[in-house]
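First up is the structure itself, then whatever we jot down about it.
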Amino acid sequence: MLTALKGNIIEALTPDTLGIHPHSYLVLEDGRVVGIYPVLPDALGSASVTDYGDALILQSFADMHLHGPQYEFMGTGMDRPLLQWLEAYAFPTEARYADPAYAREKYRILARDLLQNGTTQVCMFSSLHADSTLILMEELEKAGVTGYVGKVNMDRNAPPYLCETTEESKKETLRWLDECKRFTLVKPILTPRFAPSCTDELLTFLGKLKAERNLPVQSHLSENLGEIALVGQLFPDCPQYWEVYDKYGLFDSKTLMAHCVHSDARERAAIAMRGVHPVHCASSNNSLMSGISPVADMLREEQQVCLGSDVSGGTTLSMLHTMANSISASKDRGSLQQDASQALSIEQAYYMATSAGKVFLGLKPGFSEGELLHAVVLDDTHLPKLPNITLRERLLRAAYRLDDRHIRAVYSEGIRRL
Ligand SMILES: [Zn+2]
């Protein structure tokens, strides 16, 4: 069936290029993108058109780093430093997800809220509990949120109530992977929490599993200086943090690494050479005082940087706000260094919040022909109608001034979900 969405269509084609289509038609056949046209061609004239007037039709968002079980306490304890925050909030909360009924209730809310914020693609950490991880995947799939979810692996340097034995971790990971076969929209991703939380034996097992089953991997890299020092102590044979993951075969183009705030030129060269996808999480880096990531430099080095809300180190699920936070953080870095080239553009922020994640998920940037539609309709018509304001300027303004209250529709996998 032919359908079309009409409005001001903006797509993220490259980190520096927007595709801007004022008052145009985004035509779909059975939910798949046919093309974007200023005037509906005769051959597509039978399409039933949903007219969104002067609203913005954007790609929906890809949140490439967040922790599902932490959503419930987002914004709490932000006055504590990282280690105290983990002990007081993150670990005790994650432990509650041993109870599947508890997980069901909380994950249903998370899935709903993601969709309401226009996020239809995710890469998410669950907790170490296999059954609750499956419940998270079920709830996301029901809501129409796609992407990857990982059962967390941690068999050391965790509180006793939230730590697996190496054997349990291996066994539960295999059981979880077997049960994941029933999902179509949400796929498994291997998730060592970070290098210090996994023994050599567990990392060896995960590296082999990745190779045998061609699985993607997500973890954390060079988030703060204390963590980097700890990795140096635990893995004295690895000159740099990234080399721990690399040693176990967990550092290639199917790998997401959250943060990379303190990756120096050598580590960044390895990230670029291996095609690893860094995930920039500006809100969390600010909350936990981790540092200000050199994202503009990383993009100049052609790293495939994505954005993540990093709930709940981050304080918002909104990827609009995450875009704005990224731009703000980059300007803080530029101010401190008196270097204007550190500032991110709206083109870069929008690309990282949408197409960069799509690419990791195996899709193409933009509203790509043949792909199932992932889109969000944003209504900014209540904002002042400034003379001569461009669609590019409206996109930048939307990042600062709009949120879930202004989302009129969300499409995922070709279907309107909201
Ligand atoms: Zn994280």
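To convert, note that position 316 of the sequence shown is 1786 in this note's numbering; the numbers rise steadily by one, no gaps. From the three backbone atoms N, C-alpha and C, an ideal C-beta is built for every residue, glycine too. As the structure is a prediction and not an experimental result, all values here were calculated from the model.
Residue i and residue j look like a contact to me (Cβ under 8 angstroms); what is the Cβ gap, rounded to whole Å?
i	j	result
ALA1813	SER1800	5 angstroms
PRO1658	TYR1718	Actually they do not touch by this definition, with Cβ atoms about 18 angstroms apart.
SER1692	VAL1731	6 angstroms
VAL1846	SER1530	4 angstroms
THR1590	SER1882	4 angstroms
GLY1501	GLY1884	2 angstroms
GLU1772	ALA1742	6 angstroms
PRO1629	PHE1561	5 angstroms
Measuring alpha carbon to alpha carbon, tell me which of the options ends up nearest residue i.
i	options	result
THR1786	PHE1837, GLN1540, GLU1575, LEU1865	GLN1540
SER1596	THR1590, GLU1682, GLU1608	GLU1608
ARG1864	ASP1802, LEU1584, ASP1850	ASP1850
LEU1536	LEU1483, VAL1592, PRO1658	VAL1592
GLY1545	MET1594, GLN1554, TYR1559	TYR1559
CYS1650	MET1471, GLU1611, GLY1523	GLU1611
MET1793	ILE1816, ASP1809, GLU1772	ILE1816
PRO1854	ARG1867, PRO1629, LEU1685	ARG1867
ASP1601	LEU1644, HIS1791, ILE1579	LEU1644
LEU1514	MET1471, LEU1861, ASN1858	MET1471
LEU1584	VAL1504, VAL1880, LEU1758	VAL1880
ASN1623	THR1616, CYS1668, LEU1655	CYS1668
VAL1746	LEU1704, LEU1580, GLU1637, PHE1721	PHE1721
SER1779	MET1789, GLU1771, ARG1770, GLU1772	MET1789
SER1757	PRO1706, ASN1694, LEU1726	ASN1694
PHE1664	CYS1633, TYR1715, CYS1708, LEU1833	TYR1715
VAL1519	MET1534, LEU1528, LEU1496, ASP1533	LEU1496
MET1759	LEU1848, ASP1670, PRO1551	PRO1551
MET1594	SER1763, SER1811, GLY1538	GLY1538
ARG1887	ASP1521, GLY1489, ASN1587	ASN1587
PHE1543	HIS1690, LYS1621, GLY1784	GLY1784
LEU1848	ASP1874, VAL1829, PRO1666, PHE1830	ASP1874
ARG1878	LEU1483, PRO1570, SER1763, ASP1521	ASP1521
ARG1770	GLY1832, SER1811, ASP1512	SER1811
MET1534	LEU1556, THR1487, VAL1615	VAL1615
LEU1831	LEU1685, GLU1557, LEU1676	LEU1685
Alpha carbon to alpha carbon, what distance is there between residue j and residue i?
i	j	result
SER1753	ALA1728	13 angstroms
ILE1479	ARG1871	19 angstroms
ALA1565	TYR1631	7 angstroms
ALA1573	PHE1653	18 angstroms
ALA1869	LEU1526	12 angstroms
ASP1648	SER1494	45 angstroms
SER1723	LYS1641	26 angstroms
SER1516	LEU1498	12 angstroms
VAL1749	LEU1777	5 angstroms
GLN1774	ALA1819	12 angstroms
GLY1523	THR1563	44 angstroms
ARG1738	LYS1476	42 angstroms
TYR1567	ARG1683	27 angstroms
THR1661	VAL1509	47 angstroms
GLN1703	ILE1797	35 angstroms
ALA1699	ALA1740	19 angstroms
MET1548	ARG1862	34 angstroms
THR1473	ARG1744	41 angstroms
ALA1581	VAL1687	22 angstroms
LEU1842	VAL1503	6 angstroms
ARG1803	MET1768	13 angstroms
GLN1807	ALA1735	17 angstroms
THR1725	TYR1507	36 angstroms
LYS1678	THR1636	15 angstroms
LEU1553	GLY1761	16 angstroms
ILE1859	GLY1696	46 angstroms
HIS1844	ASP1707	44 angstroms
TYR1577	ARG1626	26 angstroms
PRO1485	MET1822	7 angstroms
HIS1791	ALA1532	13 angstroms
HIS1599	LYS1834	33 angstroms
PRO1709	ASP1670	16 angstroms
ILE1605	ALA1681	26 angstroms
PRO1857	ASP1569	56 angstroms
Cβ-heavy atom distance between residue i and ligand 1 below 7 angstroms?
i	result
ALA1728	yes
ASP1780	yes
HIS1537	yes
GLY1783	yes
HIS1690	yes
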